[in-house]
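Enquirer: Top to bottom, those sequences are chains P and H. If you read the first sequence in the numbering used here, its first letter stands for residue 189, the second for the next number, and so on. If you read the second sequence in the numbering used here, its first letter stands for residue 13, the second for the next number, and so on. Structure incoming, see below.
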Amino acid sequence: MSENRGAIGRRMLLGGAAAGTAMLAMPHVAGAQAKVIRVGMPTTLSGRIAILGTSSRTAIRYAFSRINEAGGIGGRTLEVVDRDTKGRPDEAAKITRDLINNDGCEILIDAESSAGSFAVHEVVRDIPVLCLHTNSETSSLTADPKMLVKHAFRCARQGVHDAVAGGVYASAISKERGLKRWMTCSPDYAFGRDNTAEFLIFAKKFDPGIEVVDQIWPRLFAPDYTENITKILQVKPQAMYSALWGGDLVSFVEQANLYRLFGNLTFFSSSLGDPPVASAIKQLPQGIHTAYRYNRNYPAKPANVAFADDFTKLAKHEPTNWAWQNYVACEFIAEALRRTNGRTDPTALSNEISGMELKTAFAVDEAITMRASDHTIIGYPVPWGITIPAAPYVKDFVPVDWAQILEMEQEWKKDKGFA
Amino acid sequence: MNLEVLAGCLASGACVVTQISSGLIVGMLLFLVASGLSLIFGVLGIVNFAHGAFYMAGAYFALLAYEQTASFTAALAFGALAAGVIGVAFERFIMSRVYGHDVLMQLLVCYAAILIFDDLVKILFGADYKLMGMPDAFATAPIQIAGGFVPSYYIFMLVMALAAGLGLWLGINKTRIGKIIRALAINPQMVGALGINTKLLYAGVFGLGCVLAGLAGALAAPVRSLTPGMGLSVLIESFIVTVIGGMGSIPGALVAALLIGLTRSFGAIGFPLFVDGLMFGLMALVLVVRPSGLLGAKAS
């Protein structure tokens, strides 16, 4: 008796083998039957830009907890599976494959910076899984038609949109105050150079009187900017644009304060509007012009304030730009899943997300749209404001008309050969 | 290349003062980190690739002390001492086990330590950017010298770094313990045969090197952002300083740090796109002309 109980019969063996083979051959079928929908998240969780990954992860966990508490998607719940790429593109590609092939992830939120996002993009070109890039702002990721992948989308602000908005805003001020002598100070890598070049294209377009008298390019993650600051003192520009960001921007502003640099200079920053950056600076100067990254008071909607409060409780700091972008990505995914009745088939989900107008707290008007033509979002906040020393750190946001941004973007695409 | 602007700067008293002070500031902080690195190499014969982590520890512990006490003096002392204590523990429990092993093993151990330290900082202090903020005493307008501007805090940093360097030199060259340390660097077996606890001395020297790195981190905390991984950025330049000055030579580290600082400062005016290149070019030149470094002992 005991021998019979312990033995595996021939039919059971064949049945088990057949089931196993079916599972291996059709992972998506197996996945579709699972109660939990696993969402893979390659991101940078260590090193100097760990806050990119940690704040993105907190936003996703918060979004998923809200969706799950509300009953999930047709009874199915969402779970994030995060992996640290250490900011290395090769690691991002490897981890993405692992998340899909070994960890059973049916959807991807690629929360990598630009370098990693391009690597992830090429992986999902080969392995069809719905993928939302949430932190890459490099325009070519979606603007270049050669990069189009049917089931990959960008749910993040885009460099060219910010450049147009910055150009419109800065040129109005330069004309009003007669700011002719400009200088730039941006990190010496692809993003810093592209971002600065795009800003200058549009600033000069709207105010041809702008003359760039000098440009300095400190290396990314430089510990000290004293030599750059003293150089600025020697050049004596009237206005300055900087694409420095994160901890680099914190160091720059605090070191520039020692020389009272901002008293004699109209300064435009691409990133000072990120609350963790602004709050880290102990003596944030009043009156620096900055692009919007995130602000609890803009868009002025109760749901935005609630998001800021809840996120701050979880993360112990105010939301980053990356936080709202990842939260909105989760909203896109949840809405698409509702429309497919929980099916994670990438084609079905992509068809739903493409062109979707998502009603969200972070939309300038009613909705943020996932533009069908190039799989990128529009209608998100792109205003500029000025800094104040205390929370909420940026005030007097000046919105820029999205119709003007889209018109300029189209011209830019033509110049680049993208349209 | 902008030689015309550089010539204009050199002809202007204001520009020269501002750029020299800028070079001295960058150089003296580098000197503090590099002198610790050099001291450890000179006595223990190992290259502490994890040295940047102690700079980071000094900065974070100084921030912690400043938040608790609002005293900048306490912050400097706590940051430096905490880095030293962690350094002693690191030497006793980890590094001492790889003495005599090849450099690759030491490199791997140090790299693992860097990753662990970075993660610990992330867990204890968070991944977001931190800054201590300028103590009230130094939150003043920059001092004007010959038309150039020098922030008062940077003068304080220079004085502190010089005092630390001078104290280290006096300690090594004019005291009994300094003699023992120099003897330890030359012949550890003989020092041990004389009944001196060499393990304790090794730990002490390693700790002292880490105190110097920690002091540099604490001094930098009011003006440099604190993030996990911040040690790596100063480590590379510190290695360049150590190589130019001569491995194991503290006066060499001082000369090299000042050279690097001034090269960066005036290079930013005349060669704005080649500042890092100038620094590495200087290192290459020294290695070709004098492979043991400017003040390093020549290999026998």
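Just so it is clear, CB atoms sit at the ideal spot from N, CA and C, and this is done for glycine as well. All values derive from a computational prediction rather than experimental measurement.
Tell me the start and end of each unbroken alpha helix (DSSP H) in the region 279 to 342 of chain P that is at least 4 residues and wholly inside, in chain order.
Expert: Taking only runs of at least 4 residues, the alpha helix (DSSP H) segments lying wholly in the region 279 to 342 of chain P are 302 to 314 and 328 to 331.
Enquirer: Judging by CA-CA distance, which residue of H:ALA232, H:MET242, H:GLY308 and H:PHE90 is the nearest neighbour of H:LEU41?
Expert: Selected option, being the one with the closest Cα: H:ALA232.
Enquirer: Using a Cβ cut-off of 8 Å (strictly closer), state whether H:LEU136 contacts chain P.
Expert: It does not; no Cβ of chain P falls within 8 Å.
Enquirer: Under a three-way DSSP split, which group does H:MET295 fall into?
Expert: H:MET295 falls in the helix class under three-state DSSP.
Enquirer: In its own chain, which residues sit with a C-beta less than 6 Å from the C-beta of H:GLY99, not counting the 5 before and 5 after it?
Expert: If we look at H:GLY99 and ignore the five residues flanking it on each side, its Cβ neighbours are PHE66, PHE218, GLY219 and CYS222.
Enquirer: What residues are listed by DSSP as bridge partners for P:GLY573?
Expert: Per DSSP, P:THR478.
Enquirer: If you draw a straight line from the C-alpha of H:GLN31 to the C-alpha of H:PHE161, how long is it?
Expert: When rounded, the distance between both Cα atoms is 9 Å.
Enquirer: Considering Cα atoms alone, identify which of P:TRP433, P:VAL400, P:VAL441 and P:LEU446 is closest to P:LYS424.
Expert: Comparing Cα-Cα distances from P:LYS424 to each of P:TRP433, P:VAL400, P:VAL441 and P:LEU446, the minimum goes to P:VAL400.
Enquirer: Sorted by chain position, which residues of the same chain lie with C-beta nearer than 7 Å to P:ALA205's C-beta, five sequence neighbours on each side aside?
Expert: With a pLDDT of 47 at P:ALA205, under the threshold of 50, the modelled position of that residue is not reliable, and the figure given next carries that caveat. Closer than 7 Å at Cβ, skipping near neighbours: no residue.
Enquirer: For P:PRO230, list the residues DSSP reports as bridge partners.
Expert: In the DSSP output, where bridge partners are listed per residue, P:PRO230 has P:ARG271.
Enquirer: Mark P:ALA444 as exposed unless 16 or more other C-beta atoms lie within 10 angstroms of its C-beta, in which case mark it buried.
Expert: Label assigned to P:ALA444: buried.
Enquirer: So what's P:ASN192 in DSSP terms, helix, strand or just coil?
Expert: In this predicted model, P:ASN192 has a pLDDT of only 43, less than 50, meaning its place in the structure is not dependable; the value taken from the coordinates is given anyway. In this structure, P:ASN192 counts as helix in the three-state DSSP scheme.
Enquirer: What does DSSP give as the partner residue(s) for H:VAL162 in the beta ladder?
Expert: In DSSP, H:VAL162 forms a bridge with H:ILE155.
Enquirer: For H:SER47, collect the residues of the same chain with a Cβ closer than 6 Å to its Cβ; drop the 5 residues on either side in sequence, then sort them by chain order.
Expert: These residues qualify, in order along the chain: LEU224, ILE262 and ALA265.
Enquirer: So what's H:VAL59 in DSSP terms, helix, strand or just coil?
Expert: Correct three-state label for H:VAL59: coil.
Enquirer: Using the Cβ count rule (16 or more neighbours within 10 Å means buried), how would you classify P:GLY259?
Expert: Looking at its Cβ environment, which holds fewer than 16 other Cβ atoms inside 10 Å, P:GLY259 is exposed.
Enquirer: Please list, in chain order, the residues of the region 117 to 146 of chain H that have any C-beta partner in chain P closer than 7 Å.
Expert: Against chain P - using a Cβ distance shorter than 7 Å - the residues of the region 117 to 146 of chain H are ASP130, ASP131, LYS134, GLY138, ALA139, ASP140, TYR141, LYS142, LEU143, GLY145 and MET146.
Enquirer: For the beta strand (DSSP E) containing P:TYR429, list its first residue and its last residue.
Expert: 427 to 430 is the extent of the beta strand (DSSP E) around P:TYR429.
Enquirer: Does P:LEU432 have its Cβ less than 8 Å from a Cβ in chain H?
Expert: P:LEU432 does not count as touching chain H.
Enquirer: At a CB distance below 7 Å, what residues from the region 240 to 274 of chain H approach chain C? Give them in sequence order.
Expert: This model lacks chain C altogether, as its protein chains are P and H.
Enquirer: Note down, in chain order, every chain P residue with its Cβ under 9 Å from the Cβ of H:THR81.
Expert: Going along chain P, no residue has its Cβ under 9 Å from H:THR81, so there is no contact; the nearest lies around 16 Å.
Enquirer: Among all the DSSP beta bridges, which residues are the ones paired with P:CYS373?
Expert: The partner list for P:CYS373 (beta bridge, DSSP) reads P:ILE404.
Enquirer: Report, in whole angstroms, the separation of the C-beta atoms of P:ASP584 and P:GLY573, which I expect to be a contact under 8 Å.
Expert: About 5 Å separates the two Cβ atoms, so the contact holds.
Enquirer: Taking Cβ positions, are P:PRO507 and P:PHE495 nearer each other than 8 Å?
Expert: In this structure, P:PHE495 lies closer than 8 Å to P:PRO507 by Cβ.
Enquirer: Is P:PHE456 helix, strand or coil when you go by DSSP?
Expert: Of the three classes helix, strand and coil, the one that applies to P:PHE456 here is strand, per DSSP.
Enquirer: Should P:ASP395 and P:SER362 be called a contact, given that it needs their Cβ atoms to be closer than 8 Å?
Expert: Closer than 8 Å, so yes.
Enquirer: If we ignore side chains and look at the alpha-carbon of each, how far apart do H:VAL55 and H:GLY204 end up?
Expert: So the alpha carbons of these two residues sit roughly 14 Å apart.
Enquirer: Taking P:PRO613 and P:ALA551 to be in contact with their CB atoms under 8 Å, please state how far apart those CB atoms are, rounded to whole angstroms.
Expert: Because chain P spans 189 through 607 in this model, residue 613 of chain P falls outside it and cannot be assessed.
Enquirer: Quick check: the Cα distance between P:TYR581 and P:ALA299, rounded to an integer number of angstroms?
Expert: Roughly 26 Å between the two C-alpha positions.
Enquirer: Nearest to H:LEU247 by alpha carbon, out of H:MET107, H:GLY145, H:HIS63 and H:LEU136?
Expert: Ranking the options by Cα distance to H:LEU247, first place goes to H:HIS63.
Enquirer: What residues of chain P sit near H:TYR72, judged by a beta carbon separation below 8 Å?
Expert: Here the premise fails: no neighbours, minimum Cβ distance about 13 Å.
Enquirer: Does the beta carbon of H:ILE281 come closer than 8 Å to any beta carbon on chain P?
Expert: For H:ILE281, the answer is yes, since a Cβ of chain P falls inside 8 Å of its Cβ.
Enquirer: Note down, in chain order, all residues in the region 19 to 32 of chain H with a beta-carbon under 7 Å from any beta-carbon belonging to chain P.
Expert: Within the region 19 to 32 of chain H, the residues whose Cβ lies closer than 7 Å to some Cβ of chain P are CYS21, CYS27, THR30 and GLN31, listed in chain order.
Enquirer: Under 8 Å, Cβ to Cβ, is there at least one residue of chain H near P:PHE409?
Expert: Closer than 8 Å to some Cβ of chain H, the Cβ of P:PHE409 qualifies, so yes.
Enquirer: Taking the beta carbon of P:HIS349 as the centre, do at least 16 other beta carbons fall within 10 Å, making it buried, or is it exposed?
Expert: Result: buried.
Enquirer: Per DSSP, which residues does P:ASN483 bridge with? Please list them.
Expert: Answer is P:TYR486, bridged to P:ASN483.
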